[in-house]
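Structure first, then comments.
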Amino acid sequence: MALENMRTLLDAAREGGYAVGAFNIVDYATFRGVMEAAEEERSPVIIQTSASSTVKFYGYDALVGLARALAGNSPVPVALHLDHCKDMDMLKGTIDAGWTSVMIDASTYPFEENVAMTKTVVGWAHPKGVSVEGELGSIKGVEDEIKVEERDAVLADPQKAAEFVERTGIDALAPAIGTAHGLYKGTPDIDFERLKKIVSLVDVPVVIHGGTGLSDDTFRKLISLGAAKINISTQLKLAYMQAFEDFKKENPGKADPIKVQKAIVAAVKDVVKRFMRVFGSSGKA
Ligand code: 13P
4 MALENMRTLL DAAREGGYAV GAFNIVDYAT FRGVMEAAEE ERSPVIIQTS ASSTVKFYGY
64 DALVGLARAL AGNSPVPVAL HLDHCKDMDM LKGTIDAGWT SVMIDASTYP FEENVAMTKT
124 VVGWAHPKGV SVEGELGSIK GVEDEIKVEE RDAVLADPQK AAEFVERTGI DALAPAIGTA
184 HGLYKGTPDI DFERLKKIVS LVDVPVVIHG GTGLSDDTFR KLISLGAAKI NISTQLKLAY
244 MQAFEDFKKE NPGKADPIKV QKAIVAAVKD VVKRFMRVFG SSGKA
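Sequential numbering of the sequence shown, starting at 4, is according to this note's numbering.
Structure, rendered in structure tokens:
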């Protein structure tokens, strides 16, 4: 199966009442771990690439080559997605290079500019069959604490979300609802009512960022309210480093990078399979 547009995967998820996991890969081993999980679980999957780190480090051709080799002939549907990008050159570059989906994150700009930039990217992407995710409100890192009084300004306004989707023509919306990237310090303060309202007002799939550290119950609740894509990054990086450290502990003095890579593939695969079961995407491909 060739790499697919993300919208196809998410529309099926919305209809089926499950969510597709979007996993940030950083290299061959993580990519392979995610693919082995998806194929063993028979789950659709989104391979996500971080704009500011992974894509900058590898360049377009190396990542597209990796995607074609590892996912181009997969029996499960796979989308290659660019995560959080406000660099217009990179957005254009990845669309031209072979990504099947991109996220334009112009959420730090005023609303009108966010609309204009997002619309420009949709104009480049859609003629090439590439889907576009946009962001509204500000999805923070866990270190950026949101004070109660600024909550309304930071989280996505449901009416604005409907207007944003309508005016930009995006395929998926990431609204800020209180989740954050990285490891939560306490219990995340998620505005489920806001999510419910947004889902009722927009006619595109809704995306949840900051999946690492959310409980299974929280995932199930988000999905029952209509979330169709859930992003996981930090958890994979933790599994990666743990596998590396375990290998070193169990094989003192041994220098065998391929065995380390194999341990990382296995660790990532385990973590991803677990998420796929919780998200309900297992068996859906
Ligand atoms: P985590 O690192 O918290 O899993 O968030 C991932 C994410 O939302 C990527 O966009």
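A virtual CB, placed ideally from N, CA and C, is assigned to each residue, including glycine.
Strand pairing of residue i, partner residues [DSSP]
i, result
"Leu83", "Ile50"
"Val135", "Val105"
"Gly144", "His184"
Any non-hydrogen atom of the ligand 13P closer than 8 Å to residue i Cβ
i, result
"His87", "yes"
"Thr306", "For residue 306 there is no data in the structure shown, the boundaries of the chain being 4 and 288."
"Ala183", "yes"
"Ile107", "no"
"Gln245", "no"
"Gln162", "no"
"Ile226", "no"
"Gly140", "no"
"His212", "yes"
"Gly24", "no"
"Thr103", "no"
"Gly286", "no"
"Asn234", "yes"
"Thr97", "no"
"Gly216", "yes"
"Gln51", "yes"
"Asn254", "no"
"Asn27", "yes"
Close Cβ partners of residue i (< 6 Å) along its chain, the five nearest in sequence each way excluded
i, result
"Thr57", "Val29"
"Gly181", "Asp192, Ile193 and Asp194"
"Val281", "Asp219 and Phe222"
"Lys122", "Thr171"
"Ser141", "Ser110, Val157 and Ala179"
"Val271", "Thr33, Gly36, Leu239 and Ala242"
"Ile267", "Ala32, Tyr243 and Ala246"
"Ala100", "Tyr63 and Val67"
"Ala10", "Contrary to the premise, residue 10 reads as Arg rather than Ala in this sequence. Excluding residues within five positions, the ones whose Cβ falls inside 6 Å are Ser134 and Asp174."
Where residue i falls: helix, strand or coil (DSSP)
i, result
"Pro178", "strand"
"Val105", "strand"
Contacts around residue i, its chain only, beta-carbon distance under 7 Å, and the 5 residues preceding and following it disregarded
i, result
"Val125", "Val135, Thr171, Gly172 and Ile173"
"Glu42", "Ser77, Pro78 and Val79"
"Cys88", "Ala54, Leu94, Val105, Met106, Ile107 and Asp108"
"Leu228", "Phe195, Leu198, Lys199 and Val202"
"Pro161", "Arg197, Lys200, Ile201 and Leu204"
Own chain, CB closer than 8 Å to residue i, minus 5 neighbours either side, in chain order
i, result
"Gly144", "Ala183, His184 and Gly185"
"Ala16", "Ala22, Val23, Pro47, Pro208, Ala231, Lys232, Ser284 and Lys287"
"Gln264", "Tyr31 and Ala32"
Cβ-heavy atom distance, residue i to the ligand SAH, below 8 Å
i, result
"His84", "This structure simply doesn't include the ligand SAH; it includes the ligand 13P instead."
Contact with chain B by residue i, beta-carbon distance below 9 Å
i, result
"Asn76", "Chain labels in this structure do not include chain B; a single protein chain is all it has."
| message | Suppose only complete runs of 4+ residues qualify. What are the alpha helix (DSSP H) ranges in the segment 202–263, listed by chain order? | response | Correct list: 219–227 and 237–253.
| field | Every unbroken alpha helix (DSSP H) within the segment 15–60, with a cutoff of 4 residues, ordered by chain | value | Qualifying alpha helix (DSSP H) stretches, in chain order: 31–44.
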